[in-house]
Every structure is written in structure tokens, then in C-alpha cells.
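Just below is one structure, and these are the notes that go with it.
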Amino acid sequence: MAAEKCGEIIQNISVSSGHELVVALQDLSALLNSPSFSLRELAPHIPAPLLFGCLSTPNEEQILLCKGILKKLLSLEKADAVITHYRDFVIEGLNHPQFEVREFCLGELERCSASINGLLALLDNVDILVYTARALSDENLTCVKLATNTLINTAKHDSGLEILFQHQIQSEFDELLTKKDVIRFRVYELMVLIQALSEGAFKSSRNSGVLEKLTKELDGDDILLRLNCVELLTQLADSGKNGLMFVEESGIVTRLNNLLISAETDPLMSLMLPSKICFTVRMLIGSSK
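Just so we're aligned: the sequence shown equals residues 1 to 289 in our numbering.
In C-alpha cells:
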């Protein structure tokens, strides 16, 4: 019964377009949510590639239906299946103009990166990691968060850390650093998070030059950027002995002290500099004496 019902709907999906396709997808979604059949009973009769193909559309309703169905199907598969079985579809999805598709693919990659087999699959497909790094420039913050999580999961393992700092992905980070302020600071934040993972992660982050570029943001004229920089630098110093050592050796403590002095005489700076950051900066100054 399940096979027969699924077969009929799948046939309609494969030959339909426009409104008829949306109706067929609605039928499939309703079937998957029906208490009469279990997901495991239905899933073998539903070809995921067909549904991935249905994501190639600007129609938001069609995308949301496909996304919901695919999430259910992929939940039954191993985490690495999104790469081992659907690699080309994922790459296409990461470059889709609709953020819902990019978000779906990045969400599956995050899930993939959280397992050992999934991470190994990612490391065998560096181009997917390149597209993931590129997603740091996405206008959708959920996509940015998912990409960040995947890159951090990758950096937790030595082999992943090594690949992240090789030329292919490092050049993506370097390119992102030339973009607008908000994107540049996403790379800084990622590097601050990665450096805290291990001794090797700190060395790789420092050698990449990104942390040094972060310190130079203190020299800018834009007060908001300087404040964002201060927040990340205090996070860096608070992350452990390596981060604190970097901040001290870079002469940041003196520059932060000057910022505090400026805050005492500049009403605008005083209002904008959060008390938590002021407290952390004073602690850094005290520890460096």
C-alpha cells in the first residue's frame, strides 16, 4: 500500500511542473506526515535526487515543501550521505539564489561535520569547504552561523585544521577580508573562535595573519569598528593563555588603555564602550603589569 501510494505521487512529481508540481509535493508531504505510515516504511520509495532537482526553482512554496521532505529523508541516512550520495546537488544548493536552499544545504553540512565519517567525507571534498567558507559573506545570518559551525567543527580535528589553513581555503578567507566591514569581522570572529580550540589551532590562526589584521582595526577612524575590534580582542584575551599572550605581545594592552583614557574624556566613547569590555580591559592592563 505504501509503495503503491508513493509510486503514484512520485510519478506525478516527475512529470509535473508549476502548480501541479506543488500539489504533488503537498501530497507527498501529507503522506509523510500521515499516522497511517511510518517514515521508514515510505522512505525507500522516495528518490531523493528527484526532490533535490525540484529545488532548482525560484518558487518559495515548492522550495519549502522539498526542503521539509528532504530533511525527513536525510534524517534516516548517515550524516555523510549528504556528501557521499548528493555531493553535486549540495554544491548547486550552496550557490542557489534562494537563501532557504542555501540554509538547508549548510544545515546538512553542519550535521555532517559533527560526525567522524562526515568530517572525513568533507575533507575529501575540499571544494565543499571552500563554498562553506564563502558562505560567511551570505546576507542571511542563519547561513553564516551554519557555515561558521561547520568550519569550527572541521578545525577541531588536526587533519581538518590543516586543510582550513592551506592555500585553497585560506585564499577564500583573504578574499573575504577585502569585503565590506561586516563580512571582514565575521572572518575575525571565526578566527578568534578557532584559535581557542587547541595549541595547534592558535598557531595556525596566528600564522595566517588574520589575528594581526584584527589588531590593526584599532587604528581606524570608525568608532563602531573600533568597538567591535575591542570586543573581539577582549574575547581573544579571555579565551586562554595563548590569546592573552598574543594580546600582550602585540602591544594591544597599551592601546586599549589609551582607549579607556579616551572614554573618560569623550562622552560619546564613554556611552558606547560597554561596561563589560571596560572591566575586561582593566583586568588585562592589571595582569600585564
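For each residue, glycine too, the CB sits at the ideal point set by N, CA and C.
| query | result |
| --- | --- |
| Would you kindly report the start and end of the unbroken alpha helix (DSSP H) that includes Cys54? | It is not in any alpha helix (DSSP H) - Cys54 carries neither H nor E in the DSSP assignment. |
| Check Gly220 in the structure and name its three-state DSSP category. | coil |
| Ignore the nearest five residues each way along the sequence and tell me which others in His45's own chain have a CB closer than 8 Å to its CB. | Ala2, Ala3, Cys6, Gly7, Ile10 |
| Could you give the distance in angstroms between the alpha-carbon of Asn12 and the alpha-carbon of Asn125? | 34 Å |
| Suppose you measure from the CA of Phe279 to the CA of Lys213; what does that come to, to the nearest Å? | With a pLDDT of 48 at Phe279, under the threshold of 50, the modelled position of that residue is not reliable, and no figure is offered here. |
| Extract the residue ranges of the alpha helix (DSSP H) inside the segment 12 to 49, only unbroken runs of 4 or more that lie entirely within it. | 18 to 32, 39 to 42 |
| Among the residues of its own chain, which have a CB less than 6 Å from the CB of Ser250, if the five just before and after it don't count? | Thr215 |
| Rounded to the nearest angstrom, how far is the Cβ of Thr154 from that of Leu122, given a contact under 8 Å? | 6 Å |
| What are the boundary residues of the alpha helix (DSSP H) that Ala121 is part of? | 116 to 123 |
| The alpha helix (DSSP H) with Gly251 in it runs from where to where? | Run containing Gly251: none; DSSP gives neither H nor E here. |
| Look at Ala24 and Ser34 and say whether their C-beta atoms are less than 8 Å apart. | no |
| Alpha carbon to alpha carbon, how far is Ser14 from Leu50? | 7 Å |
| Tell whether a beta-carbon distance below 8 Å holds between Val82 and Cys54. | no |
| Hey, is the segment 237 to 250 in contact with the segment 195 to 207, meaning 3+ C-beta pairs nearer than 8 Å? | yes |
| Nearest-angstrom Cα distance between Leu293 and Glu217? | Coverage of the chain is limited to positions 1 through 289, which leaves residue 293 absent and any answer about it impossible. |
| Which ranges does the alpha helix (DSSP H) cover as unbroken runs of at least 4 residues, wholly within the segment 102 to 164, from first to last along the chain? | 116 to 123, 126 to 134, 141 to 155, 158 to 164 |
| Just mark Arg186 as buried or exposed, buried being the case when its beta carbon has 16 or more other beta carbons within 10 Å. | buried |
| Should Leu32 and Lys72 be called a contact, given that it needs their Cβ atoms to be closer than 8 Å? | yes |
| Need the endpoints of the alpha helix (DSSP H) that Gly209 sits in, please. | From DSSP, Gly209 is part of no alpha helix (DSSP H); its letter is neither H nor E. |
| Taking Tyr86 as part of the alpha helix (DSSP H), name the residues at either end of that continuous run. | Unbroken run through Tyr86: none, as it is neither H nor E. |
| Leaving out five residues on either side along the sequence, give the residues of the same chain with a beta carbon under 8 Å from the beta carbon of Leu146. | Glu103, Leu106, Gly107, Leu109, Glu110, Ala135 |
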